Amino acid sequence: MTVLGGFYAFLAIVDPYDMLPLSPALDRKPVTSDQRKVVAGVARKARFDSAVFGSSTAMLLDPADLDRAFGGRFATLTMGAATRYEQTRALRLFMQYHPGARRVILSIGPYWLDGEGANLKYGAERFPEYMYDESPWNEYAHLLDLQAIRHAGLQLWQVFTGEQAHYRADGYRRFVPETQAYDPAKVHEKLYGEAQRRTTEAWQVPGLETRMHYKLDELRALLALVPPATEKILMLPPLHVVAQPPLRLAKEELAANLRDVPSLRLVDLQFPSRWTKTDANWWDPAHYTVEIASEVCRLLAASGDRNFESDVCRVLLRTYPPQTGAAR
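In this note's numbering, the protein residues as written are 44 to 371.
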């Protein structure tokens, strides 16, 4: 028992996921490749005052670029194939530890639409529910998990060597290849090959636009987790033009439904434009280059100006804190 107790104490001190309330302050970096565990740790960090949420369509928004564009200290709490449920859990956890958050950016991708896959609870990876509940003490019950033990060893090595971790301390990881690996022929196949062609043709079914809707009740519940004074940027993320569903009416419905939500900006980058029509801006139909991601960060900040104009980004709705006036 003494040996086991000492080993357990070692795990609690190392704190492999950087989220235990009594662990010492070490210069930890995320060492696991499990994005959902990374997000659970980063969301707790007091040094951040703002965060990005969503799926892989927002994962390339670099917090360093957002810091420069907006000011403040951003974390990215995005997850690959993150469902509405997972995104909501991430936002709830962040707000638990940052009730006075400065701003949140919420990327509203395909999972927020009615239709196939819309009711999935979990995405591609196992979701660690115990890391997202309201009690920070539950994590101690899982320290003897085999993965936690392995990650504790990696965390200790990382702390003492400073070796590059899977993710930065702000949750960011570049998941697309380096620019020099860009292969136009491979990208062309992803954009115009048979698999994508079937999807593109499915979006062209007559009358489909009238049946496309966002999950409005769940979006309102998501936004209700954020205080009225916190700036809320709802981003309709860029998609290559071949992957864009017919959402004109759904966007109008969304903007009309959210007019009473304070401190909100609904920003649309998902329409035919020089960005979304240029193949060289894309790795596949849903994932743009890091250069475009950097520009998205800049435009999201610039869209806060009431006189903002852009041919690749438009503001569908702008509301203000309760004391300053109504939507425009």
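Quick reminder that beta carbons are idealized off the backbone N, C-alpha and C, glycines included. Note that this is a predicted model, so its numbers are computed, not measured.
Margin query: Let's test the definition: count the other Cβ atoms within 10 Å of the Cβ of L189 and tell me whether it reaches 16, buried, or not, exposed.
Written below: exposed
Check: Between Y215 and D105, which are expected to be in contact by the criterion C-beta below 8 angstroms, what is the C-beta distance as a whole number of angstroms?
Finding: 6 angstroms
Check: So the alpha helix (DSSP H) F96 belongs to, where does it begin and stop?
Finding: Taken as a continuous stretch (DSSP letters only), F96 belongs to no alpha helix (DSSP H), being part of the beta strand (DSSP E) at 93 to 96.
Next item on the list: Taking only the alpha-carbon atoms, compute the straight-line gap between L54 and D213 and give it to the nearest angstrom.
Entry: 23 angstroms
Next item on the list: Give the secondary structure of Y257 by DSSP, where H, G and I count as helix, E and B as strand, and everything else as coil.
Entry: strand
Margin query: From the DSSP secondary-structure annotation, give me the bridge partner or partners of T119.
Written below: V95
Note to self: Quick check: what's the CA-CA separation for D157 versus H256?
What the structure shows: 6 angstroms
Next item on the list: Give the DSSP-derived three-state secondary structure of L360 in the structure shown.
Entry: strand
Next item on the list: With a cut-off of 8 angstroms on the beta carbons, I'd call P328 and L282 a contact; round off their distance for me.
Entry: 6 angstroms
Note to self: Can you give me the C-alpha to C-alpha distance between R145 and A118, rounded to a whole angstrom?
What the structure shows: 12 angstroms
Next item on the list: Reducing DSSP to helix, strand and coil, say where S150 ends up.
Entry: strand
Notebook entry, point to check: Hey, quick one: how far does the beta strand (DSSP E) through D111 stretch, first residue to last?
Noted result: Note that residue 111 is Arg in the sequence shown, not Asp. R111 -> not in any beta strand (DSSP E); alpha helix (DSSP H) instead, spanning 106 to 113.
Margin query: Whole angstroms are fine: how far does the CA of A298 sit from the CA of E261?
Written below: 15 angstroms
Next item on the list: Can you grab the Cα-Cα spacing for the pair R240 / V285, in whole Å?
Entry: 8 angstroms
Checklist line | Option in F50, V46, P59, L360 with minimal Cα separation from V202 | finding: P59
Notebook entry, point to check: Among M102, A68, A267, W325, which residue has its Cα nearest to the Cα of Y210?
Noted result: M102
Next item on the list: Tell me, please, which residues DSSP counts as bridged to V310.
Entry: M278, V358
Notebook entry, point to check: I think G97 touches Q130, with their Cβ atoms under 8 angstroms apart; what is that distance to the nearest whole Å?
Noted result: 6 angstroms
Next item on the list: Identify whether D322 lies in helix, strand or coil by the three-state DSSP scheme.
Entry: helix
Next item on the list: Note down, in chain order, each residue of its chain lying with its Cβ closer than 7 angstroms to the Cβ of A208, except the 5 sequence neighbours on either side.
Entry: K72, P73, V74, Q201
Checklist line | Spatial neighbours of M62 in its chain, beta-carbon cut-off 8 angstroms, leaving aside the 5 residues before and after | finding: A83, G84, R87, M174, P179, E182
Next item on the list: On the DSSP bridge assignment, give the partners of L156 in chain order.
Entry: Y257
Notebook entry, point to check: Going by the CB atoms, is the gap between V304 and T362 shorter than 8 angstroms?
Noted result: yes
Notebook entry, point to check: For L47, which of A89, F170, R132, L187 has the nearest alpha-carbon?
Noted result: L187
Check: Cβ of E338 within 8 angstroms of Cβ of P289?
Finding: no
Item checked: Where the alpha helix (DSSP H) containing Y140 begins and where it ends -> 127 to 140
Note to self: Under DSSP, the alpha helix (DSSP H) around A83 begins and ends at which residues?
What the structure shows: 78 to 85
Next item on the list: Name the residue from M122, Q223, R302, D348 whose alpha carbon lies nearest to the alpha carbon of P323.
Entry: Looking at the sequence provided, one finds Ala at residue 323 rather than Pro. Of the listed residues, the one whose Cα sits closest to A323 is Q223.
Next item on the list: Spell out the partners DSSP gives Y373 in its beta bridges.
Entry: Beyond the ends of the chain as shown, which are 44 and 371, falls residue 373; an answer cannot be given.
Notebook entry, point to check: Quick one, are the C-beta atoms of A112 and A344 less than 8 angstroms apart?
Noted result: yes
Margin query: Alpha carbons only, please: which of L309, Q366, P280 is nearest the one belonging to S316?
Written below: P280
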